[in-house]
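Right, one structure below, let's go through it.
Residue numbers (full-length UniProt numbering): 1 to 675.
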């Protein structure tokens, strides 16, 4: 057993959650026998966490070796529970059920709206109080026992939060935080003891979160903090405790639409990608995404790949012959999953397979839209929109196949869950997960993203071709060879070992410059690249840097982003100067356009792209060259050098037709919003 703690940090946990939360819980469960402590660390205020944990234990996502740590439970301490409060509206209130929200009730007094009562699963959760002008003044949060556990106060004019009071079960305030009504900045956070006395004051919320983390690991020699969501990134980046080993996991595509290599970063991922040098390990779920991030943002040795583990297979006694015409989907009901594509495709499917059924399981804000679409397409006897499902193995095992229609996926946990049960998957071939787990025609079918007709054809094929479906099913189960629980557990252990080692050898290299001394052609028409790298004198330049620093030439295509790397040979001249040299031998692989020449400098967690400058005595060949079918010319100005590919020897990566199709898909996505 390892003598350090592993803590998976996530904003919140619960039974009804998406793939990221389930993956974090499953991972903790998987590793709980191997470490001194496995903890789930959360940062939301949920007075009913004890019940949530009990339910997670019931469905097999929690065990007695796992521990839960919540920042507000830490601040509250072990204060005694009070008596259950009963909240009932006074009889003089007129109650009106909302027409827009099934669990919202408006309470009127003398014809005026006084409060709103909001229920969750038939239990009172919030009460909103209004003034005479219908302005929200206060919100009360209730626990499962009907007790007020949080009070939120609002400014009548700006409707911004001015104060929050967190209450113990007995009604005592253990934390009070105040905010500026205009800027919404935190003014103060006061922590009270059980006597109502000030215990400690924090200037901002970040400070008591750091205090909580540092208290949690106070008696540990080291602690691995794993950020599973972008909310918790800011916490590990903002904590400089030397005991902390910093790890982050990317559960989503880092790119915006159209999800090409050079697409803009998703906003929530910008901080993470921009701070990779602060991490001891960065984990992606697929090799393709890891490669794209390395190529675009730096070839860091701290980037690792670990997919999600396949669930344990427990075959149920189900007659598959009765379910040959049932397809299933398990997904969150959100736009990126594009569930309407499957519903529309099924309109075409039932024309050829009248007995076909599509059962959809999940949760989210778009559920009612899906139901309206089913009704509009007259598919009530074929497509069924269900709630969240816990027993996913039973659902998959009785299905002919499962369906994925996402715009984008980092992994798609539903794929590995389905394949492990012997259920083939029909999936859009989106970045990044599907093609890494599905071998087209072997264990499933890949369909061009957004091709609804192709999706329908694939479903019809598997409904009607029992022999092919059975062959795919047999191959599907082999997914456990790569994503088996033991294999994935070992990969995580390896990541943690490397991250612990990396914590002790973090590198921060300051000002780095590069000068080119030779850019010319050799006899084989390869481009010779020679120059020097200059590192600012620093006490951190030691044997560790000499051992691990590597250089490569990055060729970056302007406009339509593309990157190509060429390794460089390195010779240390002294502690701060290096000679480098290499050859660009694959000019014909370059697409048409102008290519920047940068030096990629990597040392463990540290990476820099340096745009190399022209040295005073640069050897330079400006002749236009024909290399096979490629026409190329080296160009320069007073400071920099570029490679200009006038005519490429290969087909362009993105043709005009593909660009047009991408544009049409974007418009179609907007029009496909369920009415």
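The C-beta atom is built at its ideal place from N, Cα and C for all residues, glycine as well.
Original post:
Leaving out the 5 sequence neighbours to the left and right, which residues in its chain are closer than 8 Å to residue 132 when beta-carbon positions are compared?
Top reply: Taking the first residue of the chain shown as position 1, residue 132 is located at position 132. Only 112 meet the Cβ criterion.
Original post:
To the nearest angstrom, how far is it from the Cα of residue 280 to the Cα of residue 59?
Top reply: Within the chain shown, numbered from 1, the residue matching residue 280 stands at position 280. Within the chain shown, numbered from 1, the residue matching residue 59 stands at position 59. Approximately 33 Å between the Cα atoms of the pair.
Original post:
What's the call for residue 573, buried or exposed, on a 16-neighbour Cβ count within 10 Å?
Top reply: Locating residue 573 in the chain shown gives position 573, counting from the first residue. Flag for residue 573 reads exposed.
Subject >> Contacting residues, own chain, Cβ-Cβ under 8 Å from residue 274 (five flanking each side not counted) >> reply: Sequence index remark: in the chain shown, residue 274 carries index 274 (1-based). None.
Original post:
Looking only at C-alpha atoms, which of 47, 228, 44, 169 sits nearest to residue 26?
Top reply: The residue labelled residue 26 in the question sits at position 26 within the chain shown. With distances taken between Cα atoms, residue 26 lies closest to 228.
Original post:
From residue 125 to residue 109, what distance separates their C-alpha atoms?
Top reply: Taking the chain shown and counting its residues from 1, the one referred to as residue 125 is at position 125. Taking the chain shown and counting its residues from 1, the one referred to as residue 109 is at position 109. Here the C-alpha atom of residue 125 lies approximately 21 Å from the C-alpha atom of residue 109.
**OP:** Could you tell me which uninterrupted beta strand (DSSP E) segments, each at least 3 residues in length, are contained entirely in the region 45-80, listed from first to last along the chain?
**Re:** Entirely contained in the region 45-80, the beta strand (DSSP E) runs reaching 3 residues are, in chain order, 66-70.
Original post:
Taking C-beta to C-beta, are residue 383 and residue 358 nearer than 8 Å?
Top reply: Numbered from 1 along the chain shown, position 383 holds the residue referred to as residue 383. Numbered from 1 along the chain shown, position 358 holds the residue referred to as residue 358. Yes. Within cutoff.
Original post:
Out of 355, 311, 457, 414, which has the shortest C-alpha to C-alpha gap to residue 362?
Top reply: Looking up residue 362 in the chain shown gives position 362. Comparing alpha-carbon positions, the option among 355, 311, 457, 414 lying closest to residue 362 turns out to be 414.
**OP:** Please state whether DSSP places residue 574 in a helix, a strand or coil.
**Re:** Stepping through the chain shown from its first residue, residue 574 is reached at position 574. Looking at residue 574 - three-state DSSP - the assignment turns out to be strand.
Original post:
Mind checking whether residue 553 and residue 582 have CB atoms under 8 Å apart?
Top reply: Your numbering for residue 553 matches position 553 in the chain shown. Your numbering for residue 582 matches position 582 in the chain shown. Yes, these two residues count as a Cβ contact at 8 Å.
**OP:** Assess, as a yes-or-no matter, whether the region 4-20 is touched by the region 34-54 under the definition of 3 or more beta carbon pairs within less than 8 Å.
**Re:** Because the criterion of three Cβ pairs below 8 Å is met, the region 34-54 and the region 4-20 touch.
Original post:
Is DSSP giving residue 103 helix, strand or coil here?
Top reply: The residue labelled residue 103 in the question sits at position 103 within the chain shown. Residue 103 falls in the coil class under three-state DSSP.
Original post:
What do you get for residue 676, buried or exposed, if any count of 16 or more other CB atoms within 10 angstroms of its CB means buried?
Top reply: What is shown of the chain runs 1 to 675, which leaves residue 676 out entirely.
Original post:
Within the present structure, is the beta-carbon of residue 599 separated from the nearest heavy atom of the ligand FAD by less than 7 Å?
Top reply: Among the components of this structure there are no ligands whatsoever, and the ligand FAD is therefore not found.
Subject >> Closest residue to residue 623 among 632, 526, 11, 188 (Cα-Cα distance) >> reply: Locating residue 623 in the chain shown gives position 623, counting from the first residue. Ranking the options by Cα distance to residue 623, first place goes to 632.
**OP:** Pair every Cβ in the region 276-291 with every Cβ in the region 381-400, then say whether three or more of these pairs are closer than 8 Å.
**Re:** Result no; under three Cβ-Cβ pairs closer than 8 Å.
Original post:
Closest by CA to residue 72, which one among 106, 94, 45, 560?
Top reply: Counting from 1 along the chain shown, the entry for residue 72 is found at position 72. A check of alpha carbon separations from residue 72 across 106, 94, 45, 560 identifies 45 as the nearest.
Original post:
Apart from the five residues just before and just after residue 164, which ones in its own chain have a Cβ nearer than 6 Å to its Cβ?
Top reply: Position 164 of the chain shown, counting from 1, holds the residue named residue 164. So the qualifying residues of the chain are 152, 177.
Subject >> Helix, strand or coil at residue 460 according to DSSP, with G and I counted as helix >> reply: Stepping through the chain shown from its first residue, residue 460 is reached at position 460. It is helical.
Subject >> CA nearest to the CA of residue 679, picked from 517, 13, 162 >> reply: This structure cannot speak to residue 679, because the chain is shown only from 1 to 675.
Original post:
When the distance is taken between beta carbons, is residue 400 closer than 8 Å to residue 463?
Top reply: In the chain shown, the residue the question calls residue 463 occupies position 463. In the chain shown, the residue the question calls residue 400 occupies position 400. Against a cut-off of 8 Å, the Cβ pair of residue 400 and residue 463 comes out as a contact.
**OP:** Give the secondary structure of residue 142 by DSSP, where H, G and I count as helix, E and B as strand, and everything else as coil.
**Re:** Numbered from its first residue, the chain shown carries residue 142 at position 142. Three-state result, residue 142: strand.
Subject >> Three-way DSSP call (helix, strand, coil) for residue 424 in this model >> reply: Taking the chain shown and counting its residues from 1, one reaches residue 424 at position 424. Residue 424 carries a coil assignment under DSSP once its states are collapsed to helix, strand and coil.
Original post:
Distance, Cα to Cα, residue 53 vs residue 62?
Top reply: As a first step, residue 53 must be located in the chain shown, where it is residue number 53. As a first step, residue 62 must be located in the chain shown, where it is residue number 62. So the two alpha carbons sit approximately 7 Å from each other.
Subject >> residue 393, DSSP secondary structure in three states >> reply: Position 393 of the chain shown, counted from the start, is the residue given in the question as residue 393. Correct three-state label for residue 393: helix.
**OP:** Tell me whether residue 291 sits in a helix, a strand or coil according to DSSP, three-state version.
**Re:** On the chain shown, position 291 is the one that residue 291 refers to. Residue 291: helix per DSSP, three-state reduction.
Original post:
Helix, strand or coil for residue 433 per DSSP?
Top reply: What you label residue 433 is simply residue 433 of the chain shown in a count that begins at 1. Correct three-state label for residue 433: coil.
Subject >> Proximal residues to residue 445 (C-beta, below 6 Å), its chain only, five neighbours per side dropped >> reply: Position 445 of the chain shown, counted from the start, is the residue given in the question as residue 445. So the qualifying residues of the chain are 426, 458.
**OP:** Would you check if the distance between the CB atom of residue 370 and the CB atom of residue 406 is smaller than 8 Å?
**Re:** Start at 1 with the first residue of the chain shown, and residue 370 comes out as number 370. Start at 1 with the first residue of the chain shown, and residue 406 comes out as number 406. No. Outside cutoff.
**OP:** Give me the Cα-Cα distance between residue 128 and residue 175, rounded to the nearest whole angstrom.
**Re:** Residue 128 sits at position 128 when you count from the first residue of the chain shown. Residue 175 sits at position 175 when you count from the first residue of the chain shown. Roughly 21 Å separates the two Cα atoms.
Original post:
So the beta strand (DSSP E) residue 563 belongs to, where does it begin and stop?
Top reply: Residue numbering aside, residue 563 sits at position 563 when the chain shown is read from its first letter. Start and end: 562-567.
**OP:** Decide if the region 544-561 is in contact with the region 602-611; the criterion is three or more beta carbon pairs, one per stretch, under 8 Å apart.
**Re:** At 8 Å Cβ cutoff, the stretches touch.
**OP:** Tell me whether residue 29 is buried or exposed, calling it buried when 16 or more other Cβ atoms sit within 10 Å of its Cβ.
**Re:** On the chain shown, position 29 is the one that residue 29 refers to. Classification of residue 29: buried, given that the 10 Å Cβ count is 16 or more.
Subject >> Closest by C-alpha distance to residue 141, when choosing among 205, 197, 47 >> reply: By one-based count along the chain shown, residue 141 stands at place 141. Minimum Cα distance to residue 141 is reached at 47.
**OP:** Confirm, please, whether the CB-CB distance from residue 103 to residue 119 is below 8 Å.
**Re:** Taking the first residue of the chain shown as 1, we reach residue 119 at position 119. Taking the first residue of the chain shown as 1, we reach residue 103 at position 103. Cβ atoms of residue 119 and residue 103: closer than 8 Å.
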